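Novice: One structure coming up, written as structure tokens, with questions to follow.
Written out as structure tokens, the structure reads:
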């Protein structure tokens, strides 16, 4: 409620009754006080682009650079699937032996090769040439096990990236509420400054007319300083909050003058803890990643057992020796007397137990997260409900009564200023409690693993 023009001190009522022209002057000052305010507390111009919370989350999931970098790990793992599915390359080999290096064969050994001895005859009858092809045949279905193991790693990687998106969604929502809190605080501070500026203007006129002491005037001006400080802090908090949110969304995804949109209000939730925990067990990507970790560990164990199987190398050779053409077929198989891959098989078997324990720990963590988030939401809900049950109206009514009583000599200046401070503190505390409640609600969504709560 704005100060009324009948702004009389409780000890100066008689003196003010004969000051009609001065009251008119006060009215003119009060009407023009808004222009003085505009020079000190101009509300920032709303952005040309407004985004809702859902818009912000979608922009972050598409443009956040940290998440995009994490998503490349899925592509990297898929590329390793291609590598794991490749077959061994065949090996081609060839040689030509006993070639003469210096001079003709007849000059090197005339007793064996009376001249003239043709070089072509020597190459055909006295050298050896070989050419062959070999191939490694993998036993134990190694290639299939390699592919399956890598596919299981890809599935787990996909779940871990989804969990990064879950965390990013909560961080974006939390920052979004911080911006809304700053804008709501800015709106309150703007109203407070504008309203109390009129009180200051009237008080200065009252002081000059002798209706107020200088000490009371200074107290009122000092109270205005608090409102002006609140305003400047809210402007800074809004600007910094929008910058931080823009960084999460992807700096290029929104213009510099964007703004947030949507209700900054109480959103009651009716859900029981058991349903939320059950839904979390079905939706949490980190729990799914832990479960897939057991599958991946089992695949690694199967792969190591397959590696323990000995591979067979088959080769086929063509040879030309001293004018004779011949073919050779060979097969090589390692004899598994010592190395049967026992250590890696045992290690991966223990890794399965490790993954199973990690899965149980993740399940416990999910249940704990949901319980803690639910308890935090209920506590914040009770606090917000207390404010909405009548305390906000009480604070506003108390300020109006104190203002009216002070203007008509029924209350002291200190009582009036105390009511102003109480109203301001109650409004700020309610806005902060509301932001905490909305953040707690979003934290519960993060704990459950979905924004669609039952």
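In the numbering used here, the protein residues as written are 40 to 493. Idealized CB from N, CA, C, for every residue including glycine. Remember, predicted model here, so these are calculated numbers, not experimental data.
Using a threshold of 7 Å, state whether the C-beta atoms of residue 369 and residue 180 are closer than that.
Specialist: Along the chain shown, one-based indexing puts residue 369 at 330. Along the chain shown, one-based indexing puts residue 180 at 141. In this structure, residue 369 sits away from residue 180, with a CB-CB distance that is not shorter than 7 Å.
Novice: Under a three-way DSSP split, which group does residue 88 fall into?
Specialist: Walking along the chain shown from the start, residue 88 turns up at place 49. Note: residue 88 maps to coil in three-state DSSP.
Novice: What would DSSP say about residue 367, mapped onto helix, strand or coil?
Specialist: As a first step, residue 367 is located in the chain shown; it is residue number 328 there, counting from the start. Residue 367: strand per DSSP, three-state reduction.
Novice: I'd like to check one pair, residue 178 with residue 123: are the Cβ atoms closer than 7 Å?
Specialist: Numbered from 1 along the chain shown, position 84 holds the residue referred to as residue 123. Numbered from 1 along the chain shown, position 139 holds the residue referred to as residue 178. No; because the gap between Cβ atoms is not below 7 Å, this pair is not in contact.
Novice: Determine the burial state of residue 56: buried for a count of at least 16 other Cβ atoms within 10 Å of its Cβ, exposed for fewer.
Specialist: Counted from its first residue, the chain shown places residue 56 at position 17. Note on residue 56: pLDDT 33, under 50, position unreliable in the model; the coordinate value appears next. By the 10 Å Cβ count, residue 56 comes out exposed.
Novice: Mark residue 340 as exposed unless 16 or more other C-beta atoms lie within 10 angstroms of its C-beta, in which case mark it buried.
Specialist: Numbered from 1 along the chain shown, position 301 holds the residue referred to as residue 340. The residue is buried, with at least 16 neighbouring Cβ atoms inside 10 Å.
Novice: Please go through the same chain and pick out, in chain order, the residues whose beta-carbon is closer than 7 Å to the beta-carbon of residue 260, but skip the five residues on each side of it.
Specialist: Translated into the one-based positions of the chain shown, residue 260 becomes position 221. Closer than 7 Å at the Cβ level, and outside the excluded window around residue 260, lie 239.
Novice: Using a Cβ distance threshold of 8 Å, determine whether the stretch 321-330 contacts the stretch 103-114, with at least three qualifying pairs required.
Specialist: no
Novice: Could you check what DSSP says for residue 355 in three-state terms: helix, strand or coil?
Specialist: Residue numbering aside, residue 355 sits at position 316 when the chain shown is read from its first letter. Looking at residue 355 - three-state DSSP - the assignment turns out to be strand.
Novice: Please name the residue, chosen from 213, 203 and 270, that lies closest to residue 233 on a Cα-to-Cα basis.
Specialist: The residue given as residue 233 occupies position 194 in the chain shown. Checking every option, the nearest Cα to that of residue 233 belongs to 270.
Novice: Report the three-state DSSP secondary structure of residue 374 (helix, strand or coil).
Specialist: Translated into the one-based positions of the chain shown, residue 374 becomes position 335. In the structure shown, residue 374 sits in coil (DSSP, three-state: anything other than H, G, I, E or B).
Novice: Under the rule that 16 or more other beta-carbon atoms within 10 Å means buried, what is residue 191, buried or exposed?
Specialist: Residue mapping note: residue 191 aligns to position 152 of the chain shown, counting from 1. Buried, since its Cβ has 16 or more Cβ neighbours within 10 Å.
Novice: Look at the Cβ atom of residue 472, then the Cβ atom of residue 391, and state whether they are nearer than 7 Å.
Specialist: By 1-based counting over the chain shown, the position of residue 472 is 433. By 1-based counting over the chain shown, the position of residue 391 is 352. No; because the gap between Cβ atoms is not below 7 Å, this pair is not in contact.
Novice: Indicate whether residue 195 and residue 386 have their beta-carbon atoms separated by less than 7 Å.
Specialist: As a first step, residue 195 is located in the chain shown; it is residue number 156 there, counting from the start. As a first step, residue 386 is located in the chain shown; it is residue number 347 there, counting from the start. No, these two residues do not count as a Cβ contact at 7 Å.
Novice: What whole-angstrom Cβ distance do residue 380 and residue 343 have, given they're in contact under 8 Å?
Specialist: Residue mapping note: residue 380 aligns to position 341 of the chain shown, counting from 1. Residue mapping note: residue 343 aligns to position 304 of the chain shown, counting from 1. With a Cβ gap of about 6 Å, residue 380 and residue 343 count as contacting.
Novice: Going by beta carbon distance, what residues of the same chain come within less than 6 Å of residue 88, once the five residues before and after it are set aside?
Specialist: Stepping through the chain shown from its first residue, residue 88 is reached at position 49. 294 and 297.
Novice: With a CB to CB cut of under 8 Å and the five nearest residues on each side skipped, what residues in its chain are close to residue 60?
Specialist: As a first step, residue 60 must be located in the chain shown, where it is residue number 21. For residue 60, the pLDDT reaches just 34, beneath the cut-off of 50, and the residue's location in the model is therefore unreliable, although a value from the coordinates is still provided. Same-chain partners within the cutoff: there are none.
Novice: May I ask whether a heavy atom of the ligand COA can be found less than 6 Å away from the beta carbon of residue 89?
Specialist: As for the ligand COA, it is missing from this structure, which has no ligand bound.
Novice: Using the beta-carbon count (16 or more within 10 Å), is residue 266 buried or exposed?
Specialist: Taking the first residue of the chain shown as position 1, residue 266 is located at position 227. Counting Cβ neighbours within 10 Å, residue 266 comes out buried, since at least 16 surround it.
Novice: Could you please give the first and the last residue of the uninterrupted beta strand (DSSP E) stretch that includes residue 134?
Specialist: Taking the first residue of the chain shown as 1, we reach residue 134 at position 95. Taken as a continuous stretch (DSSP letters only), the beta strand (DSSP E) holding residue 134 covers 130-136.
Novice: Would you mind sorting residue 419 into buried or exposed? The rule is 16 or more other CB atoms within 10 Å of its CB.
Specialist: One-based indexing of the chain shown puts residue 419 at position 380. That one is buried.
Novice: Rank 490, 484, 371 and 99 by C-alpha distance to the C-alpha of residue 291 and give the top, closest one.
Specialist: Looking up residue 291 in the chain shown gives position 252. Looking at the Cα atoms, 99 is the closest of the given residues.
Novice: Select from 446, 138, 169 and 170 the residue whose C-alpha is nearest the C-alpha of residue 159.
Specialist: In the chain shown, counting from the first residue as 1, residue 159 sits at position 120. That would be 138, whose Cα lies nearest to the Cα of residue 159.
Novice: Just the Cα atoms here: how many angstroms apart are residue 372 and residue 163?
Specialist: Position 333 of the chain shown, counted from the start, is the residue given in the question as residue 372. Position 124 of the chain shown, counted from the start, is the residue given in the question as residue 163. Whole-angstrom Cα-Cα distance: 35 Å.
Novice: Measuring straight from C-alpha to C-alpha, what distance separates residue 268 and residue 222?
Specialist: Residue 268 sits at position 229 when you count from the first residue of the chain shown. Residue 222 sits at position 183 when you count from the first residue of the chain shown. Rounded to whole angstroms, residue 268 to residue 222 spans 15 Å at the Cα level.
Novice: Along the beta strand (DSSP E) that carries residue 171, what are the first and last residues, could you check?
Specialist: Counting from 1 along the chain shown, the entry for residue 171 is found at position 132. It spans 167-176 - the beta strand (DSSP E) in which residue 171 sits, taken as one unbroken run.
Novice: Once you ignore the five residues that flank residue 484 on each side, which residues in its own chain have a CB closer than 7 Å to its CB?
Specialist: Reading the chain shown from its first residue, position 445 is the one you call residue 484. 490 and 492.
Novice: Specify, as a first and last residue, the run of the alpha helix (DSSP H) that residue 292 falls within.
Specialist: Stepping through the chain shown from its first residue, residue 292 is reached at position 253. Counting along the chain, residue 292 falls outside any alpha helix (DSSP H), and DSSP gives it neither H nor E.
Novice: Could you give the residue range of the alpha helix (DSSP H) that holds residue 467?
Specialist: Here residue 467 refers to the residue found at position 428 when the chain shown is read from its first residue. Run containing residue 467: 452-487, per the alpha helix (DSSP H) assignment.
Novice: Cutting at 6 Å between CB atoms, please list the residues of its own chain near residue 304, excluding the five before and the five after it.
Specialist: Indexing the chain shown from 1 puts residue 304 at position 265. Spatial neighbours of residue 304 in its own chain (CB-CB distance under 6 Å, excluding positions within 5 residues in sequence) are not present.
Novice: Which runs of the alpha helix (DSSP H) fall wholly inside the stretch 192-219 and span at least 4 residues, in chain order?
Specialist: none
Novice: List the DSSP bridge partners of residue 298.
Specialist: Here residue 298 corresponds to residue number 259 of the chain shown, with the count starting at 1. Beta-bridge pairing links residue 298 to 89.
Novice: Which first and last residues belong to the alpha helix (DSSP H) in which residue 441 is found?
Specialist: Position 402 of the chain shown, counted from the first residue, corresponds to residue 441. Residues 431-446.
Novice: Start and end of the alpha helix (DSSP H) containing residue 285?
Specialist: Translated into positions along the chain shown, residue 285 becomes position 246. Note, residue 285: alpha helix (DSSP H), 253-288.
Novice: Report yes if the CB atom of residue 374 is closer than 7 Å to the CB atom of residue 486, and no otherwise.
Specialist: Translated into the one-based positions of the chain shown, residue 374 becomes position 335. Translated into the one-based positions of the chain shown, residue 486 becomes position 447. The answer is no: Cβ separation not under 7 Å.
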